[in-house]
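Just add 44 to wherever you are in the sequence shown, counting from 1, and you've got this note's numbering.
A short worksheet on the structure shown next.
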Amino acid sequence: MSRVAVLIVKFKNFVKQKLALLNAYSLMDPCDPTALALFRIAFGLLMMLDIPLERGLEDADIRFGDQNYCFFPLFPWVKPVPVAFACLLYSAMWIGALGICLGYRFKQSCILYLIPYVYFFILDKSRWNNHSYLFMLFAILLKVGGAGERLSLDSLINKYPPQTVPRWNYAIIKFQIFILYFFAGIKKLDSDWVSGWSMRNLGKHWVFGGLKPFLDQQHIEFYFIHMGGLCYDLGVGFLLNFQRTRKLGILISILFHGMNAAIFDIGMFPYICLASLILFRNADEWPCSWFRSGRSETLKPISSTPKNNVMKKSTRFLIFIYVGVQIFLPFSHSITKGFNNWTPGLYGYSWDMMVNSWETLHQKIIVKDEITGQEKFLDPDVWVANDRWSSHADMALQHAQCIARNLERYNISSIGVYFDIWKSLNGRFQQRIYDPRVNLLKVHWSPFTPVSFILPLLTQYSHYRDYFSTFFDINATSDVIFVADYPGLFLENFLPEELVNVTITLITGGIVFEENGINSSLSVSGEEHPVKSGKFHKVYSTHESPSCYMYRYTNGTEQQSMYGDESLEIDTLSEIQANFVKFMASKVEIFSRSVYLVANSYLNVLFDVPMVLRRRE
């Protein structure tokens, strides 16, 4: 027997063993569908709100109405549709979400929701996040199950008798929820999270006001945000899945997601997680008990017929495949090397939620005439709605290609596109992420080979973060920017005039500071040089190893520190109320704009009424 044949036999035996385990769990046992139906209602309702807010309906005219707008598709053959058809797709998705909520033509409604959702999802990676991926998975799992059997218009119209659903309808969604939490916990075992560097300056938020008399900001962030988040993610999946600890898991989850909703602008994610807690309630417990019929219902097992037996085996096999894929994908980065940057993989399917925080110091896009050598600079914010491209190499290449296509429309060709992007990951030095000497239009990229133009993260200097923290504690009236650069490169920088008392200080390595054509060398750690505001200057890294230095300055106007957002701290009830009013007004404006766009798109398609489009400011 050949080696391949032996491997095939071993794989078949492995699959049979795992399917036997699934069978032992009694995945086909009948269960009351009330909790599943309640989750379906909540999911559909929240997705109706999600479509204008996070799926992009509100700004569809800006993105799809501009031929120069840069999308970042997962596959190159996925193209944007005209703006009117995009709005029609959004409206179809909204109708599908309504059908899911009401349980009307439930299977068809799921398909009507999923087709546009998947299209918009793979059209633009720059809008990805973990919960967008989660919502898609939930919609798929609801569609293949029996979530429409109870508390639905279908059951009323068709006069269904009391129905049950197989246990796997609950088990597969509970598995996905467990993966969401547990893998998020595994990702938080990262040294930056465990050391308390991933989520800075959240301790000043008003939700932690009750802790401030007892703990300072640093201890709140370390013990409650980092250690608390790690323990919650690793443990809550177990708490929810065991009867004795379920109520404790539900209580902790309500507190956790309530705080998330208050702190972060993450759309419907916390509310979906709260709604999913219904799935862990028994049929005779609140709220399920409110929606069951008054008489006791006997749960009859699914009949054993040849056809049903085949369906059971097929279902178990598909569940096994789904489970395997969901376990594999979050750790597939050793295969999809082309998506790896300073962090592994694309952000959106790995459950690495909040593990990494980015600070951007400087973005420069250089368009160079490859014939004359003339260089021009392009606004980094033009033709894009966010800067996710600046952190992911695959999207950086797509952005460079989009820039070249757009400029060609203006008869600008034979160019090279170069990115000079400076970022800090989890409080480290600001440093370049891409090699600014590389023409991105000539780079070969493959999803299965490492990226060639990424400059490595300078983790050897991570220990300086403790020094940064000490500096900020002592020098509360000054702002500081810490920079690291590779040998042979230089930073061209401009400091606005409102910055006063500016100095540049060498930390390690060696630099040459150039201003007004005059060079000054700094080679001793701690050596500093004054910097004039309102002018350009250059800083050359001259040492054989990377050089580290810092800018220290005082802001003439009241300005946020690079490490914090003072708006997080709200002290009075009147400020909370005022912010809530502004929040609600912004949401009303978003929904109003969404309704207008959909109405305008129907008029355009049916009666050729022109679409009134906004342009990005």
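For glycine and all other residues, C-beta sits at the position ideal for the given N, C-alpha and C.
All figures in this text were calculated on a predicted structure; none of them were measured in a lab.
A Cβ-Cβ distance of about 18 Å is found for the pair Trp241 and Tyr391, leaving them out of contact under the 8 Å criterion. If the five residues before and after His301 are omitted, its C-beta is found closer than 7 Å to the C-beta atoms of Pro314, Cys317 and Leu318, all from its own chain and listed in chain order. Counting C-beta atoms within 10 angstroms of its own C-beta, Val125 has fewer than 16 neighbours from the protein chains shown and is therefore classed as exposed.
Across the set Glu571, Asn384 and Lys169, the C-alpha of Lys169 shows the shortest separation from the C-alpha of Cys114. Per DSSP, Arg290 is one residue of the alpha helix (DSSP H) stretching across Arg290 to Ile307.
Closest in C-alpha terms to Asp198, from the list Gln152, Leu233 and Tyr148, comes Tyr148.
Taking one beta carbon from each stretch, the segment 151-166 and the segment 133-143 have 3 or more pairs nearer than 8 Å; the two touch.
Of the residues assessed, Trp334 falls on the exposed side of the cut-off, its CB having fewer than 16 other CB atoms within 10 angstroms. Assigned with DSSP and collapsed to three states, Tyr595 falls in strand. In the structure shown, the three-state DSSP call for Gly532 is coil.
For Ser457, the secondary structure class from DSSP, reduced to helix, strand or coil, is coil. Taking all protein chains shown into account, Tyr204 has fewer than 16 neighbouring C-beta atoms within 10 Å of its C-beta and is therefore exposed. Remark: three or more beta-carbon pairs, one from each stretch, lie closer than 8 Å, so the segment 247-257 and the segment 296-310 are flagged as touching. Under the DSSP assignment, Gln152 falls in the alpha helix (DSSP H) whose first and last residues are Phe150 to Leu167. A direct Cα-to-Cα measurement between Lys412 and Ile562 gives close to 27 Å. In the three-state reduction of the DSSP assignment, Cys114 falls in the coil class, being assigned neither a helical nor a strand state. In the DSSP secondary-structure assignment, Glu102 is not bridged to any residue. Spanning the alpha carbons of Tyr134 and Ser645 requires a straight line of approximately 10 Å. Going by beta carbons, Ile447 and Gln407 fall outside the 9 Å limit. The segment 571-578 and the segment 494-513 do not touch, with fewer than three beta-carbon pairs separated by less than 8 Å.
In this structure, the straight-line span from the alpha carbon of Asn352 to that of Ile365 is close to 20 Å. The three-state reading of DSSP puts Gln370 in helix, counting H, G and I together. In the three-state reduction of the DSSP assignment, Asn537 falls in the strand class. Ranking Leu80, Leu405 and Lys486 by CA distance to the CA of Ala444 puts Lys486 first.
Counting along the chain, the unbroken beta strand (DSSP E) around Thr549 starts and ends at Leu543 to Thr552. For Ser458, the closest C-alpha among the options Ile415, Gln442 and Arg432 is that of Ile415. Under the three-state reduction of DSSP output, Val411 falls in the strand class. Between Asp236 and Val399, the C-beta gap is smaller than 9 Å, which places the two residues in contact.
Under the 10 Å beta carbon count, Tyr393 is surrounded by 16 or more other beta carbons and is classified as buried. Counting along the chain, Lys187 sits inside the alpha helix (DSSP H) bounded by residues Asn174 to Val188.
Secondary structure note for Leu323: it is in no beta strand (DSSP E), with a DSSP letter that is neither H nor E. For secondary structure counted as the beta strand (DSSP E) over 3 or more consecutive residues, the segment 419-500 holds these complete runs in sequence order: 419-422 and 459-469. Burial is judged here by how many other beta carbons sit within 10 angstroms of a residue's own beta carbon; Gln442 has at least 16 and is buried. Sixteen is the threshold: since fewer than 16 other Cβ atoms of the shown chains lie within 10 Å of the Cβ of Ala622, the residue is exposed. Rounded to whole angstroms, the gap between the alpha carbons of Asn385 and Asp479 is 13 Å. Closest in C-alpha terms to Phe421, from the list Tyr462, Ala437, Ile269 and Asn326, comes Tyr462.
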